[in-house]
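Engineer: For reference, the structure I am asking about is given below.
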Amino acid sequence: MKVLGISFGRKMKCGDLLVKEALFKSKDAGADVQFINAVNMNIQHCKGCGACSAARDNGKQIKCIIKDDYQVLEDAVLDADAVIIAAPVYAVGPSGQFKNFVDRFGPAHDRPALEAEQNKRIAAGTELLDERSFRDKYVGLISVGGASTQNWVSLGLPTMNLFTFSLMMKVVGQIDAYDMGRTANPLLDQNLMDRVGELGKRVAEAVGKPYDEVEWFGEEGTCPVCHCNLISVTKTTTVECPICGIEGHLSVDGDKVNIEFSKEQQNRARGTANGLKEHYDEIQNMIKVLIPKLQANKETLPKMLEKYKNFDELTK
Numbered sequence: 001m002k003v004l005g006i007s008f009g010r011k012m013k014c015g016d017l018l019v020k021e022a023l024f025k026s027k028d029a030g031a032d033v034q035f036i037n038a039v040n041m042n043i044q045h046c047k048g049c050g051a052c053s054a055a056r057d058n059g060k061q062i063k064c065i066i067k068d069d070y071q072v073l074e075d076a077v078l079d080a081d082a083v084i085i086a087a088p089v090y091a092v093g094p095s096g097q098f099k100n101f102v103d104r105f106g107p108a109h110d111r112p113a114l115e116a117e118q119n120k121r122i123a124a125g126t127e128l129l130d131e132r133s134f135r136d137k138y139v140g141l142i143s144v145g146g147a148s149t150q151n152w153v154s155l156g157l158p159t160m161n162l163f164t165f166s167l168m169m170k171v172v173g174q175i176d177a178y179d180m181g182r183t184a185n186p187l188l189d190q191n192l193m194d195r196v197g198e199l200g201k202r203v204a205e206a207v208g209k210p211y212d213e214v215e216w217f218g219e220e221g222t223c224p225v226c227h228c229n230l231i232s233v234t235k236t237t238t239v240e241c242p243i244c245g246i247e248g249h250l251s252v253d254g255d256k257v258n259i260e261f262s263k264e265q266q267n268r269a270r271g272t273a274n275g276l277k278e279h280y281d282e283i284q285n286m287i288k289v290l291i292p293k294l295q296a297n298k299e300t301l302p303k304m305l306e307k308y309k310n311f312d313e314l315t316k
């Protein structure tokens, strides 16, 4: 059993210390542990070229064509049975480097697309995709912010959940470690260190368990799936968790707001097999419309694009 810890924060600062504390307790629970500080790694932003998905769907192994440190982190995640991540919050949400990694990692490792391609390769007797992408993984998330008011880090944990969706990883628990500015150093907050240590222990103990048997560790959020408190509200009593993409029903009793999410909705959350398959089917149906439309306009569209191609010249 291998638990990987990744800190996207500065070396030997809050994120590093919190991840390492979690890994100490993971090791005590029987795990082999690995720590990576990613802050100085060169992880460029995704350019949307589609080369990784094209390789996956054309008999090759998944590989990003950008030459940087992304591959090191990707391999480390795929090798691990569980991952504990800490990311600093600089402007309400986690750092751009974390998001760069998620943008590069997610599309290439979409579980339904992987399974569909793997089934084709099994039937054809050709080289199979990397088996590491099909293993269950368990995750602990730690958002680190200096602000003493929680709303200044409100997109930290919700955004970090995006990392888990594509490979259908199970979030065991999450910790919102804000107010680090006044704390000065997490080692001075024993309660926080105890909670982080318990998260590391719980992550290690979750490895190998069926997802529905993993007990949640952390605060119970408004959404029963991601346990975040962000809710999209329209002019009706139907609301949505923007992280999980599931609908709930809102009611008000005096000063108390209640939101009910049906089991059916919870079972189609983005990080579930049903939710991922729903999105995969959405993309496949989109392609069925897209390709004929491009074919039907292959003569006229290039002429329409000329105006925009020559934008600089036309706006002098």
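Residue 41 in UniProt numbering sits at position 41 of the sequence shown, and the numbers go up by one each step.
Cβ coordinates follow ideal geometry from the N, Cα and C atoms, glycine included.
If I measure Cβ to Cβ from Lys201 and keep anything under 6 Å in the same chain, skipping five residues before and after, which residues do I get?
Structural biologist: Within the sequence shown, numbered from 1, the residue matching residue 201 stands at position 201. The answer, listed in chain order, is Lys25, Ala29.
Engineer: Run through the DSSP bridge pairs and tell me what Asp32 is partnered with.
Structural biologist: Within the sequence shown, the letter at position 32 stands for residue 32. Answer is Lys2, bridged to Asp32.
Engineer: Across which residues does DSSP place Pro94 in a beta bridge pair?
Structural biologist: If you number the sequence shown from 1, residue 94 lands on position 94. Answer is Val89.
Engineer: Counting beta carbon pairs with one atom in the stretch 217-228 and one in the stretch 156-165, are three or more of them shorter than 8 Å?
Structural biologist: Touching, per the Cβ criterion.
Engineer: Taking Asp75 as the reference, give the member of Gln61, Ala87, Val233, Ala86 with the closest Cα.
Structural biologist: Translated into the one-based positions of the sequence shown, residue 75 becomes position 75. The candidate whose alpha carbon is nearest that of Asp75 is Gln61.
Engineer: Straight-line CA distance for Lys11 to Ser143?
Structural biologist: Indexing the sequence shown from 1 puts residue 11 at position 11. Indexing the sequence shown from 1 puts residue 143 at position 143. One C-alpha to the other measures close to 16 Å.
Engineer: Return the first residue and the last residue of the beta strand (DSSP E) that Ser251 is part of.
Structural biologist: In the sequence shown, residue 251 corresponds to position 251, counting from 1. Unbroken beta strand (DSSP E) run through Ser251: 246-253.
Engineer: Taking Ala80 as the reference, which of Leu141, Arg135, Ser148 has the closest Cα?
Structural biologist: Counting from 1 along the sequence shown, the entry for residue 80 is found at position 80. Nearest of Leu141, Arg135, Ser148 to Ala80, Cα basis: Arg135.
Engineer: Check for me: the beta strand (DSSP E) holding Lys256 runs from which residue to which?
Structural biologist: Residue numbering aside, residue 256 sits at position 256 when the sequence shown is read from its first letter. Start and end: 256-260.
Engineer: Using DSSP bridges, identify the partner residues of Lys170.
Structural biologist: Translated into the one-based positions of the sequence shown, residue 170 becomes position 170. According to DSSP, which records beta bridges pairwise, Lys170 is partnered with Tyr138.
Engineer: Are at least three pairs of beta-carbons, each pair with one atom in the stretch 43-51 and one in the stretch 15-23, less than 8 Å apart?
Structural biologist: They do not touch, by the three-pair rule.
Engineer: Give the single residue among Arg111, Ile231, Ala22, Phe163 whose Cα lies nearest to the Cα of Leu192.
Structural biologist: Sequence index remark: in the sequence shown, residue 192 carries index 192 (1-based). Comparing Cα-Cα distances from Leu192 to each of Arg111, Ile231, Ala22, Phe163, the minimum goes to Ala22.
Engineer: Label Gly59 either buried or exposed according to how many other C-beta atoms from any shown protein chain fall within 10 Å of its C-beta, with 16 as the threshold for buried.
Structural biologist: Locating residue 59 in the sequence shown gives position 59, counting from the first residue. When all chains shown are included, Gly59 counts as exposed.
Engineer: Return the residue from the list Gly248, Ala116, Val39 that minimises the CA-CA distance to Phe98.
Structural biologist: For the purposes of this step, residue 98 is identified with residue 98 of the sequence shown, where counting begins at 1. Closest option to Phe98, Cα to Cα, is Val39.
Engineer: In this structure, how does DSSP classify Ser148 when only helix, strand and coil are distinguished?
Structural biologist: For the purposes of this step, residue 148 is taken as residue 148 along the sequence shown, with counting starting at 1. The answer is coil: DSSP assigns Ser148 none of H, G, I, E or B.
Engineer: Please name the residue or residues paired with Asp176 in a DSSP beta bridge.
Structural biologist: The residue given as residue 176 occupies position 176 in the sequence shown. Asp176 is bridged to Ser143.
Engineer: How is Glu240 classed by DSSP in three states: helix, strand or coil?
Structural biologist: Locating residue 240 in the sequence shown gives position 240, counting from the first residue. Of the three classes helix, strand and coil, the one that applies to Glu240 here is strand, per DSSP.
Engineer: Please list the terminal residues of the continuous alpha helix (DSSP H) segment that includes His279.
Structural biologist: As a first step, residue 279 must be located in the sequence shown, where it is residue number 279. Segment 273-296, the alpha helix (DSSP H) holding His279.
Engineer: Below 8 Å between beta carbons: does that hold for Met1 and Ala273?
Structural biologist: Reading the sequence shown from its first residue, position 1 is the one you call residue 1. Reading the sequence shown from its first residue, position 273 is the one you call residue 273. The answer is no: Cβ separation not under 8 Å.
Engineer: DSSP has Phe105 in a bridge; who is on the other side?
Structural biologist: Along the sequence shown, read from residue 1 onward, the residue named residue 105 stands at position 105. Per DSSP, none; premise fails for Phe105.
Engineer: What is the DSSP secondary structure of Asn310, reduced to helix, strand or coil?
Structural biologist: Taking the sequence shown and counting its residues from 1, the one referred to as residue 310 is at position 310. DSSP places Asn310 in coil when its eight states are reduced to three.
Engineer: For the alpha helix (DSSP H) containing Ala184, name the first residue and the last one.
Structural biologist: Residue numbering aside, residue 184 sits at position 184 when the sequence shown is read from its first letter. From DSSP, Ala184 is part of no alpha helix (DSSP H); its letter is neither H nor E.
Engineer: Could you check what DSSP says for residue 332 in three-state terms: helix, strand or coil?
Structural biologist: Here the chain comprises residues numbered 1 to 316, so residue 332 is not present and cannot be evaluated.
Engineer: With a threshold of 6 Å on Cβ separation, who are the neighbours of Met169 within its own chain once the five nearest residues in sequence on each side are excluded?
Structural biologist: Residue 169 sits at position 169 when you count from the first residue of the sequence shown. Lys137, Val139, listed in sequence order.
Engineer: Tell me whether Arg121 is buried or exposed, calling it buried when 16 or more other Cβ atoms sit within 10 Å of its Cβ.
Structural biologist: Locating residue 121 in the sequence shown gives position 121, counting from the first residue. So Arg121 counts as exposed.
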